[in-house]
Amino acid sequence: MPEPVSQSTAGDVCGLKRGLPVFARSAGHVQKFSLYFAMELQAICENLTVVSDGISSLITVNLFFRQYRYRYIYTCIYLYAKFMLSNFLIAYGSQTGQAKAIALRLSEKCQAHNLTHRIHCLSANEKEFCIEKERLVIFVVSTTGDGEPPDSAHRFFTCLKRQVRQKQKSLSNLKFALLGLGDSNYNTFCGAPKALEKLLFQLHAKAFYPTGYCDEAVETATVAEPWICGLLELLLSSNNLDSIDKALPLAKLSLEMENTEIASLGSTPERLNGIMTPRSNGRESQAIRCHMETDPNYRYDYYYDDDQRRRGDQSTVDPTIAHSPSMPSRRPRFYTFEECQCRWAEPSVVGCEQLRNVIELKVPSMALIVPKLTSIVTHEDYTQLNFPSTTPETEYAGQASPRYMAKLLRRTVLTAPTAKKTKVLLEFDLSGFDTPYKPGDAFSFICSNPQNEVNWLLYRMNLSVLADKRCTLKLLPEAERRGDKLPPYLPEVSSLRYLFTHCLDIRQSPSRILLRLFAEHCKTFGEKRRLMELCSSQGQQQYQRYIRRAGLSLMDVLHAFPSCLPPVDRLIELLPRLRPRPYSLACSPLVEEKRCKIVYSLVSVTAEEGRFYARNGLATGYFETMKIGDQIEMFLRQSSNFCLPSDILNTPIVMIGPGTGVAPFISFLQHIKYVFFSKRNISDIAGVVVVLCISCHIIMFGCCCCFCLYRALSTEENRWCERWLFYGCQFESLDYIFRKQLEDFHDSFLLTHLVVSFSKEEREDKAKYIQDSIRENGFSLVRLLTEMNQSRVYVCGDVENMAKEVFQAFIDILQSHGEMSADDAKKFMSDLISNERYILDYWL
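FYI, the numbering for the sequence shown is 96 to 939, going by the working numbering.
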């Protein structure tokens, strides 16, 4: 049979079969195939028969016993493509607002190119849009927890899962593109986007553009920006119908941390250069190229007096001379933390040896940072002290209740004075809080940035005089024409001090886009070069090591680069929103009515690794300043799956939590105890049964100790329901928190196994770490997971270290005690996660 000749059609993007075949001369040949082509006035045609009459230019198509020429079919497809491309949907599912921001960014670019579209949250399905009726959808979906979909997308995922169970083909006419957001620090990277892609394929949807996976551990914009640019190019080429066959192959777009190159989109380097590198004939490129003759060692110490700065003197100064007492005119410039009397060492800008010979650094283009707003400051004083009135738009992601001012009732230090980390139990009054909550939920506390840090930042930006004046934020005319809006969390009228104190996160490590902005506003070449290295594609490992993992804040970076003075308008645009800090409940609402307890470990950050001042954690530092009777604003954050099963008395559970990670399990066990005794009538047996008290070792009449009551009241079914708790701390005598409560739960057999590890103590009979204790009890745990299908594992702790090691420990015991291969053990754990039997609650 002769090979068919493929004709380019608009169907490549719009769900139509690519290339309507035109056969060579082979009279009598008939081929059936599926072709989804239609207009609003025509029914969808599924089964077409193409018949060759021997002359390729006169191909006809049998459609419901009617004959149509190929040219007419092509015209229909052309018009259908035009219709679809003028009516596509951008749908986002966001937890913290990042996916929404990327979707809005994509929407802005589409508007700039006159691509008509709609943008909605996935929660608006069956309200603002119906996914079954859509033909072209671009998804931007983030991940929360260990691979869970964001709260705003739960209903959408449930709807698709229901259709998959019913074996429907409801999305057979849908073409989609998907950008997923995740964090490789977790066991399940981009779990929600991958689950969505699988559901879409199961419902017979088709992808027209490669799926992108953004890794927050590396930098979201590194994948997101090229992905958006490539998608726009495809949409524009499809809209013009000139080069539709240039669609990119459906290869997954990802970014490996070890790879310093930009992930390929299947395009030529010239195409990516326009996105990520300076133009070769631009002023910026010339500045980057001239470094080879400047200083081959890339070592600069900037330590000028005011006269030198006015003259623009950029000569380097030897560090041994600069710090000598013989140079009093050279002094620190930006060291004015109010309320602080100390000074910090001068920064030294050191370039990367591996990048010294790289002339053209692949950095984010300034075209990606389009100005949107401007601030107008008047001489009128601004005295507003409260937060702006809350609206649905200003609510936080995951907020499940109105904001509530909780009063601090009690503070209890749980650790010894000599403990390395201080752990504190706080108790708050919830008398006016009406939203119901359950064990496993958390309360998010809205904390402002420390006043001394805000003071320093305002001084560093030369804004101290204007800090408390009335500041009005407005969109630039170009942004208004694009249809942009002011972010809802930024009040239109406030002050600069208010914005940097309550609205913007100045503690979070600056993004690569922000470093690119800083480089643009550096006066000295050495500082600009180093910032270019840190924000470049080749310098990703440098950025991770010296910015992200070192935990540098905005102030640290501005201190390290004294000549950098970015515009305040751009900082307001690019800094992320100040997010509340969640803390798990350490009590059951059935036991502690109208009160809640949380536990925190005081986070102390030292002045090293580029951090020029010592600090406490944002929330824990705020808690340390609170006194009894003080109030703090908070709201409820409900957990979708980190909660007790419905049959809590008969479901075996394994709880794993080191340090303050044990807090939610205290609420679990309190809740189980309350439910257990509330379902039994103690008066029926108290004082009547004569039992041998295991605790007292004597025969007592009507013994009411915990174990005897539990044994007398429990049924054979739930009497020995296994409940494990793996707890870890450093020293038994210093930081073993909740010891008495945990031992009481264990003595009463509500907790059947209590396994405690002490990491800093040398004991032959005790495992040092939780993962070691898991391996020691591997046989029992494997039996529990493999033989009891309802059993669950809850892990609460640090996701970057502990959570990964615990996950690996389970894989190890499945191999050693479950007779599984490494791949089978990983698949078994993946199935546990999918079935919500291995559940993670984490902190960074």
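From the three backbone atoms N, C-alpha and C, an ideal C-beta is built for every residue, glycine too.
Within 8 angstroms, strictly: CB atoms of residue 516 and residue 830: yes
Nearest neighbour of residue 647, chosen from 601, 745, 817, 467 [CA to CA]: 601
Simplified DSSP assignment, three categories, for residue 193: helix
Nonlocal neighbours in the same chain, by C-beta distance under 8 angstroms from residue 877, ignoring five residues either side: 908, 909, 912, 913
Beta-carbon proximity of residue 304 to residue 236, cut-off 8 angstroms: no
Candidates 269, 239, 451, 192: closest to residue 490 by CA position: 192
Cβ neighbours of residue 183 in the same chain (closer than 6 angstroms, five flanking residues each side left out): 212, 231
C-alpha gap between residue 690 and residue 852, whole angstroms: 31 angstroms
The stretch 501-511 in contact with the stretch 675-688 per 3-pair CB rule at 8 angstroms: no
Residue 819 - partner residues in DSSP beta bridges: 749, 848
Sequence-distant residues of the same chain with beta carbon closer than 6 angstroms to residue 631, five excluded per side: 456, 457, 458
Reduced DSSP category for residue 915 - H, G, I as helix; E, B as strand; rest coil: coil
Enclosing beta strand (DSSP E) for residue 278 [first to last residue]: Premise fails: residue 278 is in no beta strand (DSSP E) and is neither H nor E.
Collapsed DSSP secondary structure at residue 205 in the structure displayed: helix
Top-ranked residue by Cα proximity to residue 476, from 543, 592, 568, 578: 592
Beta-ladder partner(s) of residue 938, from DSSP: 893
Three-state secondary structure assigned by DSSP to residue 855: coil
Classification of residue 874 by the beta-carbon crowding that lies within 10 angstroms, buried from 16 upward: exposed
Anticipated Cβ contact below 8 angstroms, residue 677 with residue 732, distance rounded: 5 angstroms
Reduced DSSP category for residue 212 - H, G, I as helix; E, B as strand; rest coil: strand
Nearest-angstrom Cβ-Cβ length linking residue 737 and residue 535, presumed shorter than 8 angstroms: 5 angstroms
Residue 762 burial status per 10 Å Cβ neighbour count (16 or more: buried): buried
Supposed contact pair residue 471 and residue 596 - C-beta distance, whole angstroms, cut 8 angstroms: Actually they do not touch by this definition, with Cβ atoms about 19 angstroms apart.
Rounded C-alpha distance that separates residue 899 from residue 930: 19 angstroms
Cutoff 8 angstroms; reference residue 527; Cβ partners in own chain excluding five residues on either side: 499
Proximal residues to residue 645 (C-beta, below 6 angstroms), its chain only, five neighbours per side dropped: 704, 705
Cβ separation of residue 746 and residue 887, assumed to be a contact under 8 angstroms, to the nearest whole Å: 7 angstroms
Contact under 8 angstroms by Cβ, residue 518 with residue 755: yes
Span of the beta strand (DSSP E), counted from its first residue to its last, around residue 257: Premise fails: residue 257 lies in the alpha helix (DSSP H), 249-260, not in any beta strand (DSSP E).
Cβ-based burial, residue 765 [other Cβ within 10 Å; buried from 16]: buried
Proximal residues to residue 447 (C-beta, below 7 angstroms), its chain only, five neighbours per side dropped: 628, 634, 637
Close beta carbons around residue 294, own chain, < 8 angstroms, minus the five adjacent residues each side: 252, 255, 256, 259
Rounded straight-line distance, which links the Cα of residue 928 to that of residue 879: 16 angstroms
Segment contact flag, the stretch 693-701 with the stretch 713-721, C-beta cutoff 8 angstroms, min 3 pairs: yes
Status (buried if at least 16 other CB within 10 Å, exposed otherwise) for residue 834: exposed
Separation of residue 850 from residue 916, as counted between CA atoms: 27 angstroms
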